[in-house]
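Beneath this line is the structure, given in structure tokens, with notes to follow.
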Amino acid sequence: MTKYILRYKGWLATTVLFRAFGAIMQVLIALIIQQIVDTAMNKDVNGFIDMIIFSIIFFMIMGINDYLNKTTQFIYIKKTLTDFKEDIFRGILRKNYKDFNSENTAEYISQLTNDINMVETKYLVPYLEMIGDVVIFVGTTALLLWINPWVTLVVCATSALLFLIPAILGAPTAKRQDDVSKQNSIFTTRIKDIFSGYEVIKSYNIVDNMTEEFLDENSTVENLKFKSNHIQGISQALSMFLGVMSQISTIALGGYFLIKGQLTVGTLFAVVQLANGICWPITWIVSKVTLVKGMKEVNFKLLSIINESKKKIDTVKLESFKKEIELKDITFAYNEDRNALDGLSVSFEKDKKYAIVGRSGSGKSTLLKLLLGYYDDFDGEIALDGYNYDKLDKNSINNHMSIIHQNVYMFDKTLKENIILGKDFNDKVLEKALENSGVSEFLRVLPKGVDSEIGENGNNLSGGQKQRVAIARSLIQNTPILLLDEGTSALDSKTAFEIEDTLLNIEDLTVITVTHKLIDSILKRYDEIIVMDNGNVVEKGSFDELINNKKEFYDLYTIEGESELVS
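In our numbering, the protein residues as written are 750 to 1316.
Spelled out as structure tokens, the structure:
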């Protein structure tokens, strides 16, 4: 965390300066009290009036300094946390497909909200506040030594006991704060899951069941918060007790010196005020040290996301796709139960059109995911124009491929924004993508056409409309390789035929389609049909060749075989 604390040194230095100046002014309050009391006791009217006027000016300056201190602190924290959240966000998105999906997305939401809030309130702010506490302690100790060394010795001796608190309670505080962080993630995950399943909840009338689940999770997280706050309360209570004992000792000793005539009444007031400036800063420092130490696990978790994602290896940036994609002896498994791909070898030549067919679970979609570079823990080799995937920059792969998914995700933005995805395209290119995808056919029914808001995950659109948007999204990228994973399954047969026909007519486009729609008029258009079963290629060739072979593809194509297909 040090590099983030020191990233904005100018604002940090300014904040420290104002805080230190304010702390010095707090120390000087004791001398002002001393002068006011002593002039009053001596019935020095002019001196008393002068001190009152001086005090008003002094506290006005102190108020202005406090405002400037708070403002610079807010600016510093804003800048620091903005960068910290950006690095965490980038780190999350730099994860590979497998690592990203190993966590629920609500975990990432919790890290960027709950955990960041803890970093601010229990790490950054306490750190900054401790600067003022240390200045007050040092300044007070020096001034009190000048007034009376014996009182200083007693105050410091009693206050030293406060340092035992973080040593005793630091570890359990850290554990409980980490427990709160983890449970917040679980709670956020559960809420997200419940709201995402709203339609199921209402359809099956399980509102009461879901409410009970929510209450259980809510109770758990609040109980853990209570335990965390409870141990912090114990720390603060012990600090308060020892601080009060230190004050009483100071007052007793100061009263003794007053009786002996070695202190004036004003000086006694000053001594009591200064004693507060020793024991209370120590109390606050101890409390804040406990908080900061308790953030160790949370900080480590957040920094590990950033550091892990920044590990780099030398990679090649592929400028263009010229020849082919080749897969050799690919074996891949999602888990240890079975291989999704088992010794698969296949190649895809530039500008040719390929259809991949097979029964459910044969590995068709998995093949597309490996082509996209989603997973790298496979045996065998995948090469793009002779460059092995593990040597290629992943962005290079993404820049040369786009995919039309069966399950389309839409952002809660306008239709246009969901197609261009933050990139710049001229109107002509956009219109062409709208026309070729069929989106233009339903624009007239939308209130603002292409600028219409489509709602969360496109809930203002039908399934077929969403799939057309996904097709437009892919086409507008103008990548040399286009993958379709049941990309027209939600469309009626006529529309699906027209769109697929359009894609197949694009000469400088490599098309790899996973499909269950075995329509001869379309399949005959493909250069090669690849038939998969049990994670491997069992047959490949043109439509007529495969029909004449009367093997796996023939079985799939006939009515009996077709009934086994699923989308």
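Quick reminder that beta carbons are idealized off the backbone N, C-alpha and C, glycines included. None of the values given here were measured: they were computed from a predicted structure.
Query, Result
"Per DSSP, M1387 forms a beta bridge with which residues?", "Residue 1387 lies beyond the range of the chain shown here (750 to 1316); nothing can be said about it."
"Which residue marks the beginning of the beta strand (DSSP E) containing G1212, and which one marks its end?", "From DSSP, G1212 is part of no beta strand (DSSP E) but of the alpha helix (DSSP H) over G1212 to Q1226."
"With a 10 Å radius around its C-beta and 16 neighbouring C-beta atoms as the bar for buried, classify F808 as buried or exposed.", "exposed"
"Which class does L842 belong to by DSSP, given the choice of helix, strand or coil?", "helix"
"Just curious, the beta strand (DSSP E) that V1263 is in, first and last residue?", "T1259 to V1263"
"Give me, in chain order, the residues of the same chain whose beta-carbon lies closer than 6 angstroms to that of A769; leave out the 5 immediate sequence neighbours on both sides.", "V884"
"Roughly how many angstroms separate the alpha carbons of L1040 and D1125, rounded to a whole number?", "41 angstroms"
"Among S1145, E961 and S1111, which one has its Cα closest to the Cα of G1284?", "S1111"
"M750 by DSSP, collapsed to three states: which one?", "coil"
"Does the pairing of the region 971 to 983 with the region 951 to 962 give three or more beta-carbon distances under 8 angstroms?", "no"
"Mapping the DSSP letters down to three states, classify I806 as helix, strand or coil.", "helix"
"Could you give the first and the last residue of the continuous alpha helix (DSSP H) run that contains K758?", "K758 to M790"
"Along the chain, where does the beta strand (DSSP E) that runs through F1246 open and close?", "Here F1246 belongs to no beta strand (DSSP E); instead the alpha helix (DSSP H) covers S1242 to L1253."
"From the DSSP output, in three-state form, read off A1132 for me.", "strand"
"For D1091, which residues from the same chain have a beta carbon less than 7 angstroms from its beta carbon, with the 5 sequence-adjacent residues on both sides left out?", "T1080, N1283, G1284 and N1285"
"Take the Cβ of M790 as the centre, count every other Cβ of all protein chains shown within 10 Å, and call the residue buried at 16 or more, exposed below.", "exposed"
"Which same chain residues, not among the five before or five after V929, have their C-beta less than 7 angstroms away from its C-beta?", "L973, K974 and S977"
"Could you name each continuous beta strand (DSSP E) segment of 3 residues or more that falls completely within the region 1154 to 1207, going from the start of the chain to the end?", "none"
"Within this structure, are the beta carbons of Y1136 and V1065 separated by less than 8 angstroms?", "yes"
"DSSP puts M1093 in a beta bridge; with which residues?", "Going by the sequence as given, residue 1093 is Leu instead of Met. Note: L1093 sits in a beta bridge opposite I1079."
"Going by DSSP, what residue range makes up the beta strand (DSSP E) through D1234?", "I1230 to D1234"
"Output the distance between the C-alpha atoms of I997 and V1047, rounded to the nearest integer angstrom.", "39 angstroms"
"Return the bridge partner residues of M1150 from the DSSP annotation.", "I1230"
"Is the separation between the beta-carbon of L893 and that of I826 shorter than 8 angstroms?", "no"
"Using alpha carbons as the reference points, say which of L1183, N863, T763 and P921 lies closest to I1225.", "L1183"
"Based on Cα-Cα distance, which residue from V1095, I896, D882 and K1162 lies nearest to I1203?", "K1162"
"Helix, strand or coil: how does DSSP classify N954 here?", "coil"
"With distances taken from CA atoms, which of F767, K1077, T751 and D836 is nearest F1127?", "K1077"
"Quick one: give me the first and last residue of the alpha helix (DSSP H) that E878 is part of.", "V874 to I896"
"Please name the residue or residues paired with V1317 in a DSSP beta bridge.", "Lying before the first or after the last residue shown, residue 1317 is absent from the chain, which here runs from 750 to 1316."
"Quick check: the region 854 to 866 against the region 1004 to 1016, are at least 3 beta-carbon pairs closer than 8 angstroms?", "no"
"Return helix, strand or coil for K1009, following the three-state DSSP convention.", "coil"
"If you draw a straight line from the alpha carbon of T764 to that of Y757, how long is it in whole angstroms?", "11 angstroms"
"Once you ignore the five residues that flank Q784 on each side, which residues in its own chain have a CB closer than 6 angstroms to its CB?", "M800"
"Hey, quick one: how far does the alpha helix (DSSP H) through S1291 stretch, first residue to last?", "Looking at the DSSP string, S1291 is not in any alpha helix (DSSP H), and its letter there is neither H nor E."
"Give me the Cβ distance between N1185 and T1251, rounded to the nearest whole Å; I'm assuming they're in contact under 8 angstroms.", "5 angstroms"
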